[in-house]
Structure formats: structure tokens, C-alpha cells
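Asks:
There are 2 protein chains.
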Amino acid sequence: MSALKGNVMFGQSGGPSAVINSSAAGVFTEALKSDAMKNVYGAQHGIVGILHEDFIDIRKESPDEIARLRGTPASILGSCRYKLEDADKNPADYERLLEVFKKYDIRYFFYNGGNDSMDTCDKVSKYLQRAGYECRVVGVPKTIDNDLAVTDHTPGYGSAAKFVATTAMEVYLDSRVYDRGMVIVLEVMGRHAGWLTAATALASAKGFGPELIYLPEMPFHVDQMLNDVERLYTRSQNVMIAVSEGVRTPDGKIIPESIGTVEVDAFGHKQMGGTASVLAGRIGQELGCKVRGIELSLLQRSASHIASGIDIDEAFLAGQEAVRAALAGKTDVMVGFERPASGPYKTGIRLIPLEQVANLEKMVPRAWINEAGNHVLNPFIEYALPLIQGEPQQDKEDSLPRFARFKKIQAGNRDI
Amino acid sequence: MSALKGNVMFGQSGGPSAVINSSAAGVFTEALKSDAMKNVYGAQHGIVGILHEDFIDIRKESPDEIARLRGTPASILGSCRYKLEDADKNPADYERLLEVFKKYDIRYFFYNGGNDSMDTCDKVSKYLQRAGYECRVVGVPKTIDNDLAVTDHTPGYGSAAKFVATTAMEVYLDSRVYDRGMVIVLEVMGRHAGWLTAATALASAKGFGPELIYLPEMPFHVDQMLNDVERLYTRSQNVMIAVSEGVRTPDGKIIPESIGTVEVDAFGHKQMGGTASVLAGRIGQELGCKVRGIELSLLQRSASHIASGIDIDEAFLAGQEAVRAALAGKTDVMVGFERPASGPYKTGIRLIPLEQVANLEKMVPRAWINEAGNHVLNPFIEYALPLIQGEPQQDKEDSLPRFARFKKIQAGNRDI
């Protein structure tokens, strides 16, 4: 396979995670080693930065700071939620992208994100092919939601799951110190898929976690939940429930919608949050008990101080493998993960055609949820536990995180 | 000084912390070494356990599990918020305590808690003295609020401050990834004192923290806060504010009271929480910008996975020193901390008469708050930074915390 010579464009998209920057470090480290790849550009705010020629020169960043990306949450380059329409409907953005790619001789395009971003990646890739412009396009997966199709799991999930499980254990202990009852409602992110909420079962498996877990995979009946809580509360005066922000009543509404309206973003996604507070209010009203709603909010996706070591390594590897695949001539694929069918966990890499991933969502299998739909079963524990192993890799300064600091030297002809 | 022979009663009280159990480990470890101290009892749910002869035999617990208390949050023995009235108003509880102390030959009483608990401690001590019953009473300080009088600082604070500062840094980064504005309102615990909210300034000092910090030491003007936010938002489109749950409007109301009523506990303390959500709503309404309220809730007091190493050590030391002081004949005192007047931080111990601590609250000095009352100054950073140093000491199992597990073998004639 010929070593296509040209420049590299890398962008980050969608909601950030504790390890998306570790993937960036993987892409940068591997690309900077390659003779075929001359300039390595980092697009600011994803595709938006490309459209506006707003990108930085990664060669000007210090290797130490690039290495510190492994312990730096959020998106070092900034993210976006910009929706690319189909090329036949609105070709302007695609024409502009092609123009920029030609102008800067971009022959490698790596895009790091979730299912929406893989869709963007796929559309761009197909457009460039049709236009006869040679550019290798490889997606780097990322999402705390773990809902990307085909891949066994997704970087970002293990770290978020570790934070969620650890926090559930700590809050469980804390909520049981008094000589009176208490119900905790822990709200976990997950618009449609319950993977992250299910991670609270890792805490339950240790004896310090929720007795009830509600995933968006199952219709959510408020009355059934109240019955579940009352039954347990009557027995032990202490109940912890974990609930996904994405659970929906049988008429398709998320919980905050039951008391008002919610905002919708560019992808048509509803603005989440508020489920714990609404449910805690209902439980307090109906059961007359002390209750506390806790929303894990942005903490669950940014807690790099308790990231999973394996997740950091795999995120980095995903970036490296994307570069290696592109250099080997692959295009229009996403780097995915697989694990051995049996025996101990071991990281395996597979390349997945983008169109198999784009816009799809992988749900927690019904067989991993208990019959009552209010907890998860052991196959989930066996699946998730290997993904949270290992300590975070983070420089500290005064016992606080020492995040990567980028100079961000502009390399494009920025028009905004 | 004679070595008074007899048994030991230890109890935990008030809101738990990440390191209150480290103090328990200090008391247990030191007491179990002493020949003068025969049985060591742990009261379940503090003073309530004593009144009901509900306490466990600490000698029956394994030394390994006692050591694991250093990495176990919440209260291993359970806590209470039981209010002892004055002895002359309601002597029944005191008579009962004396009866139990006599029955079990309790000659050493250690009570671990905040200012309310030190008041309880003081009342019990004085009653026993008047009754001519020899018993050495020593308070072990604890509170994430850091509001105990006379002592330089209080175990529990450093760990909570470290969690708050680290989390503020992570959320700061996370909230600035998009190419559009965002205001974050971070709500931190602290009923009357702003020490913990001020800890977010440790994040600001690293360049990743709130631009605005509101403490309950200053009257809170909603309009002034809106002006502050608008001014910064206009400039940079991104603002993080940290606000204490205890800030009060000039008419003395906490923020959630401005939209409804709040519960009051046995000590007359208002039920906290909800400030971030109310203020975020107001900011969104007035400025029409994207805003997210985040309440750190129980996480900030239970996050032992990111406890301060110094705090764990000092909490343990406070327990040990309480036992040593009592063995040396001291009574009616609390173990306090001091630091050198100049030069690097070094842990110093001082014993403080309980009556100097009971029911008082130490506030953040006005001179450590900026003139506008919306941030804190460098003397605070110099004060707080040494208290968050050092890594947590926590056994892990499957990369999750391995909390202490007690057998809790009943040693009293439990009547509940």
C-alpha cells in the first residue's frame, strides 16, 4: 500500500469524556511519527473549525503537554454539536470542506466522537470519494454512553462507569449513617441507552449500591417505581435507586417533561437533567419519607481524577490505531474494540465500516436486565468490570490535577 | 497522673465526612494499646446508642478492618442528630447516661463531631462532674464545614476541599468545550460558613475555577450576582460561579426559601440544597443564556477516593491524641490543631476547653474575601492548600474501594 503523503486534520465532537483527549494524544503521537504525514492540524470545535479554517498546529505543542492529555478531561480542541445535513440537500458545507481540504492538502481526516460524529464522518468520507478527492477518513470512537454499534465498548465509558460506581458506593454509605430512613435517587446520564446507569450495579455487587436500577431500555412506570421503593423502605428504611436521565413513561416522555417542557438541540435531542429531583419529590410526597435526589451531572463525564487506567490506554490506542489504519490505506472505517469470547479480558481492535455505526444506538440487552425491569444481572457485571480496571494516569501539582496546557498556535486562515 | 482504669465509650455524631472513620481508627488503635482501658465500646448512632445501651465491642473487630477505616467514608458506627437539652431543663437523658456509664464502668468518653457534638460533649462532661462520677471526656473534631472555633482547621475539611477543588477544575474544562456560551452554578455545602465554597478558589488559582465565589459570610444580593455574571458573560461567554448553599438574601432567607418553604431539623437547622437550581433558573431567565446548576450534594462529604492524605493522617492523629490526653488526665477538652505562625505547614496539636468550642461557628475572615464580596483572596489559598495535600489511603478491590466491614458484635443490653 502506497504511503499517501499529505497533511492531517483531527477534530473532536459531541459531549466530552474523561478520556477523549487520550485519543487525541494517540492520534497526535502516532501521526507525528509518520513521514507521510507532514502537518498535523487540530480543528477547533470539530467540523465547525474546519469550515472556518480555524485549526492549530500540533507540531508546535510540547510532547510533555501532549502526554498530559491522558489525564486531561473535556476536549482540548473544543467540541461542537453542528449537524451536517445530507450532501444532496445542502451541499454548501461539503463544498466548503473540500475547498479547505484541498487548500491545506488534507489527506488524512480523523474525527473523534459518538454516533452523530460517525455519521458526520461517513457523510464527509462519501462526499470526498464522490468528488474524487483522495482522503483517508477514520473515526475514533468516544462516548460515556457506550451506545456505539458493533464495537464491544467505547472509550469514555469505562472511566464514567468507574466514577459512577465509586460514587454510588460512597453515597450509599453516607446515606445510611442516621437512625432514621432515607431514600436516595441517583440520576445518571444516558439519553437512550442504560449502560452508564447500569454501572451502579458494580457498586451493588460490592454490597454498597442501589437496590433498584431503572434503565431507559425498559418503559418506566412511576407507580411501579413507587411500589418498589415502598416495599424496600418498609423492610429496611433505606433505599437507593439509580435512574437514567433517559427513562421514559409509556407515552414516551422523559420525567422532567411530566412537569414542563424541555429544550431540544440541533440534533433534535432533548435537554436532559432534572429526573432525580422530580422523582425524589414524588417519592417524598407519596411515602412521606426523607428523600434526596442527586444528579451526577457533568461530574460523571469529566472525572479524570478517577478515570479507568484501561480506558485511558484503550482511548490512546484507538487514536494510534486510527492513524495506523489510515497509513495502511484504510478509509471510511471506525476503530472498534472486541474481546475474547471466553477467558480473561483482553483488548482487541477491529475496524468497522462507518455506515455500520453511524446514527445507530446499542442498547443494554434485555437478557441482562432482571425480569421486573428494576435491576441488572450478572452478565452485565462480567461485561463492565474489566473496563473500569487500573488507576488514572494524571500528573498532579499541589495535589490537584495538572491539566495539559496547549499553546494553540493558529495554522489556518481563520475567518471567524 | 494516675492511670484511671475503666472502659471506653466512643461515638460519632453529626454529618459524616470522608475521614471521620479515620478518627475512629485513631481512637480504637490507641485505646486498644492501653492497659488502663479494658473494654472499648462503639456507640451505635452516637448518644442515642448510649441511651439505649446499643454499642459494639471494638476488641472483636479485626485490626485489618480497623485500619481500613482510614479509607472508608461516612460513619462506621452510625450517626445521630439527637439534641440533648440542658440538664436543668430535662435531666432524664443525663440520668440515663450516668446510669449506663456506671453500669458499664465507662471512664473514658470520646465523642467525634462538630460544634453541636462538642456542645453535647461539654454538657455530658459537666453533668458527670457535678454528679461526682469520674469520667474523662474528650472531643474529637470533625466537620467538612471547617467552622469549629479556636482550632486552626478541622479534620474532614481538607478532603472535602480537595474533592470540591478537583471537581471544579474538571467541570470548568468540561463546560467550556462548546462553541457557544455556558454558565455553571456550582452549589457547595456550608450552612453558615463559607470555607468549603471558598475551596473552589484553589481551582481558580490553577486557572480552571470559578470567576465568581459567593460565601454565606456576605449578604447575597441576587441582582448583584446577575450583574456580575452578565458582565463576565458578555466578555467571554463562559462563566462559572460557586455559591454556598447557605448564602442568604439581606432579609435572612436562604435561596430555596425565596420560592417556597424548607424543612427544619432537631437542631433548628434548615434543610439545605436547591440553591444552584434556583439561581441557574434566574440566570437563564434574565440573561437568556445556557446555564447549568450543579449541586455537589453528598458527594463532597463522602468522596474518600480523593481524600487528602494529610487530612486522613490528622483525623487519625486527632483520635490518638484524644486517647493520650485522657490517659494523661485531661478532660472536658477537644483536640484541636495549630500551625506555625510562619514557614511551611506542619501539623500541631493543642487541647481546647470544650466550652470554647461548643456551639460557636468560625467564619471566613472578611479580610480573606475580596472587596466586592464575590471571590476570595490569596491568604485563603495559603491557608487551605496545605490541607489538601497527599494521596488517599484506600484499599481497592477490582479497582473499586474496599470499605471496612465491621462484625458489630453487640456489647450492650440493647433496649431498642
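Residue numbers (this note's numbering), protein chains in the order written: chain A, 1 to 416; chain B, 1001 to 1416.
For glycine and all other residues, C-beta sits at the position ideal for the given N, C-alpha and C.
Given TRP368(A), which residues of its chain have a CB within under 7 Å of its CB, disregarding the five upstream and five downstream residues?
Replies: Indexing the first sequence from 1 puts residue 368(A) at position 368. Only VAL376, LEU377, PRO379, PHE380 meet the Cβ criterion.
Asks: Since ALA242(A) is in the beta strand (DSSP E), which residue starts that stretch and which ends it?
Replies: For the purposes of this step, residue 242(A) is taken as the residue at position 242 of the first sequence. Its beta strand (DSSP E) spans residues 238-244.
Asks: Suppose you measure from the CA of GLN1012(B) to the CA of ILE1312(B); what does that come to, to the nearest Å?
Replies: Here residue 1012(B) is taken as the residue at index 12 of the second sequence, counted from 1. Here residue 1312(B) is taken as the residue at index 312 of the second sequence, counted from 1. Cα to Cα, GLN1012(B) sits roughly 16 Å from ILE1312(B).
Asks: Within its chain, find whatever has a CB closer than 7 Å to the CB of ASP119(A); leave out the 5 residues flanking it on each side and keep chain order.
Replies: Residue numbering aside, residue 119(A) sits at position 119 when the first sequence is read from its first letter. Same-chain partners within the cutoff: ALA358, ASN359.
Asks: Under 8 Å, do VAL1040(B) and VAL1335(B) count as touching if we go by C-beta distance?
Replies: Within the second sequence, numbered from 1, the residue matching residue 1040(B) stands at position 40. Within the second sequence, numbered from 1, the residue matching residue 1335(B) stands at position 335. No, Cβ-Cβ distance for VAL1040(B) and VAL1335(B) is not below 8 Å.
Asks: Which chain A residues sit within Cβ distance under 8 Å of ALA1201(B)?
Replies: Position 201 of the second sequence, counted from the start, is the residue given in the question as residue 1201(B). Chain A residues near ALA1201(B): none, gap ~12 Å exceeds 8 Å.
Asks: Using a Cβ cut-off of 9 Å, pull out every chain A residue sitting near VAL1376(B), in sequence order please.
Replies: Sequence index remark: in the second sequence, residue 1376(B) carries index 376 (1-based). In chain order: nothing, as chain A lies at least about 16 Å away.
Asks: Evaluate ASP1415(B) with the Cβ neighbour count: other Cβ atoms within 10 Å of its Cβ, from every protein chain shown; 16 or more gives buried, anything less gives exposed.
Replies: On the second sequence, residue 1415(B) is found 415 positions in, with the first residue counted as 1. ASP1415(B) comes out exposed.
Asks: Shorter than 8 Å from the beta carbon of ILE118(A) to some beta carbon of chain B?
Replies: Locating residue 118(A) in the first sequence gives position 118, where the first residue counts as 1. Here the sequence assigns Met to residue 118(A), which means Ile is not the residue at that position. So, not an interface residue.
Asks: Skipping 5 residues on each side, what residues in its chain have a beta carbon closer than 6 Å to that of ASP1122(B)?
Replies: The count along the second sequence starts at 1 and reaches residue 1122(B) at position 122. Excluding positions up to five away in sequence, the list reads LEU1354, GLU1355, ALA1358.
Asks: Given that ILE306(A) touches chain B, what residues does it touch there, using C-beta distances under 8 Å?
Replies: The residue you call residue 306(A) lines up with position 306 of the first sequence. Within 8 Å Cβ-Cβ: HIS1305, ILE1306.
Asks: Please determine, among ARG1107(B), ALA1198(B), ARG1180(B), the residue with the shortest C-alpha to C-alpha distance to TYR1217(B).
Replies: Here residue 1217(B) is taken as the residue at index 217 of the second sequence, counted from 1. Tyr is not the amino acid found at residue 1217(B); the sequence shown has Glu there. Answer by Cα proximity: ALA1198(B).
Asks: Whose C-alpha, out of ALA1131(B), MET1169(B), ALA1074(B), is nearest the C-alpha of LYS1142(B)?
Replies: Taking the first residue of the second sequence as 1, we reach residue 1142(B) at position 142. Ranking the options by Cα distance to LYS1142(B), first place goes to ALA1074(B).
Asks: In chain order, what are the residue ranges of uninterrupted alpha helix (DSSP H) at least 4 long that sit wholly in the region 1285-1364 of chain B?
Replies: List check, alpha helix (DSSP H) in window: 1299-1302, 1309-1327.
Asks: In or out: PRO256(A) buried (at least 16 other Cβ within 10 Å) or exposed?
Replies: Position 256 of the first sequence, counted from the first residue, corresponds to residue 256(A). Under this definition PRO256(A) is a buried residue.
Asks: Whole angstroms are fine: how far does the CA of LYS408(A) sit from the CA of ILE56(A)?
Replies: Reading the first sequence from its first residue, position 56 is the one you call residue 56(A). Reading the first sequence from its first residue, position 408 is the one you call residue 408(A). The straight-line gap from Cα to Cα measures roughly 5 Å.
Asks: Any heavy atom of the ligand ADP within a distance shorter than 7 Å of the CB on VAL1357(B)?
Replies: The ligand ADP is absent from the structure shown, which contains no ligands of any kind.
Asks: Assuming TYR1094(B) and TYR1127(B) form a contact by the criterion Cβ under 8 Å, report the distance between their Cβ atoms to the nearest whole angstrom.
Replies: Reading the second sequence from its first residue, position 94 is the one you call residue 1094(B). Reading the second sequence from its first residue, position 127 is the one you call residue 1127(B). At roughly 5 Å, the Cβ-Cβ gap stays under 8 Å, so TYR1094(B) and TYR1127(B) are in contact.
Asks: For ALA149(A) and SER277(A), what's the separation of their Cα atoms in angstroms?
Replies: Translated into the one-based positions of the first sequence, residue 149(A) becomes position 149. Translated into the one-based positions of the first sequence, residue 277(A) becomes position 277. So the alpha carbons of these two residues sit roughly 31 Å apart.
Asks: Under 8 Å, Cβ to Cβ, is there at least one residue of chain B near GLY114(A)?
Replies: The residue you call residue 114(A) lines up with position 114 of the first sequence. Cβ-Cβ to chain B under 8 Å: no for GLY114(A).
Asks: Could you tell me which residues DSSP pairs with PRO1401(B) in its beta bridges?
Replies: On the second sequence, residue 1401(B) is found 401 positions in, with the first residue counted as 1. LYS1396(B), per the DSSP bridge assignment.
Asks: Could you run through the region 377-406 of chain A and flag, in chain order, every residue whose CB is less than 7 Å away from some CB of chain B?
Replies: Correct list: LEU385, ILE388, GLN389, GLY390, ASP398, SER399, LEU400, PRO401, PHE403.
Asks: Interface residues of chain B around LEU279(A) at Cβ under 7 Å?
Replies: Start at 1 with the first residue of the first sequence, and residue 279(A) comes out as number 279. Neighbours of LEU279(A) on chain B: none; closest Cβ ~15 Å, over 7 Å.
Asks: Below 7 Å on C-beta distance, what does VAL1177(B) contact in chain A?
Replies: As a first step, residue 1177(B) must be located in the second sequence, where it is residue number 177. Neighbours of VAL1177(B) on chain A, chain order: PRO16, ALA74, SER75, GLY78, SER79.
Asks: In angstroms with no decimal places, state the Cα-to-Cα distance between LYS1290(B) and ARG1180(B).
Replies: As a first step, residue 1290(B) is located in the second sequence; it is residue number 290 there, counting from the start. As a first step, residue 1180(B) is located in the second sequence; it is residue number 180 there, counting from the start. Near 9 Å, if we compare the C-alpha coordinates of ARG1180(B) and LYS1290(B).
Asks: In chain B, what lies closer than 9 Å to SER297(A) by C-beta?
Replies: Here the question's residue 297(A) lines up with position 297 in the first sequence. Simply VAL1171, ARG1292, GLY1293, ILE1294, GLU1295.
Asks: Starting from the beta carbon of HIS1221(B), find every residue of chain A whose beta carbon is closer than 8 Å, and list them in chain order.
Replies: As a working note, residue 1221(B) is residue 221 in the second sequence. The premise fails here: HIS1221(B) is roughly 26 Å from chain A at the closest Cβ pair, so nothing lies under 8 Å.
Asks: Is there at least one Cβ from chain B nearer than 8 Å to VAL48(A)'s Cβ?
Replies: Residue numbering aside, residue 48(A) sits at position 48 when the first sequence is read from its first letter. Yes, contact with chain B.
Asks: Please list, in chain order, all residues of the same chain as PHE403(A) whose beta carbon is under 6 Å from its beta carbon, the five residues on each side excluded.
Replies: Reading the first sequence from its first residue, position 403 is the one you call residue 403(A). The residues are THR72.
Asks: Does the separation of the CB atoms of GLU295(A) and GLU187(A) fall below 8 Å?
Replies: Numbered from 1 along the first sequence, position 295 holds the residue referred to as residue 295(A). Numbered from 1 along the first sequence, position 187 holds the residue referred to as residue 187(A). Yes, they are a contact pair.
Asks: In chain order, what residues of the same chain have a beta carbon less than 6 Å from the beta carbon of GLY1293(B), not counting five sequence neighbours either side?
Replies: Residue mapping note: residue 1293(B) aligns to position 293 of the second sequence, counting from 1. VAL1185, ALA1276, SER1277, ALA1280, listed in sequence order.
Asks: Report yes if the C-beta distance between ALA1025(B) and GLY1309(B) is below 8 Å; otherwise report no.
Replies: Sequence index remark: in the second sequence, residue 1025(B) carries index 25 (1-based). Sequence index remark: in the second sequence, residue 1309(B) carries index 309 (1-based). Going by C-beta atoms, ALA1025(B) is not nearer than 8 Å to GLY1309(B).
Asks: Short of 7 Å in beta carbon distance, which residues of its chain neighbour ALA31(A), apart from the five on each side in sequence? Order them along the chain.
Replies: Numbered from 1 along the first sequence, position 31 holds the residue referred to as residue 31(A). Here the set comprises VAL8, MET37, VAL40, VAL323.
Asks: Quick check on the DSSP output: the alpha helix (DSSP H) that includes ALA116(A) runs from which residue to which?
Replies: Position 116 of the first sequence, counted from the first residue, corresponds to residue 116(A). Residue identity differs from the one stated: residue 116(A) is Asp in this sequence, not Ala. Its alpha helix (DSSP H) spans residues 115-130.
Asks: Just to confirm the assignment, what range does the beta strand (DSSP E) spanning PHE380(A) have?
Replies: For the purposes of this step, residue 380(A) is taken as residue 380 along the first sequence, with counting starting at 1. Here PHE380(A) belongs to no beta strand (DSSP E); instead the alpha helix (DSSP H) covers 378-384.
Asks: Out of curiosity, what's the CA-to-CA distance linking ARG81(A) and GLU1061(B)?
Replies: Working through the first sequence from its first residue, we reach residue 81(A) at position 81. Working through the second sequence from its first residue, we reach residue 1061(B) at position 61. Roughly 55 Å separates the two Cα atoms.
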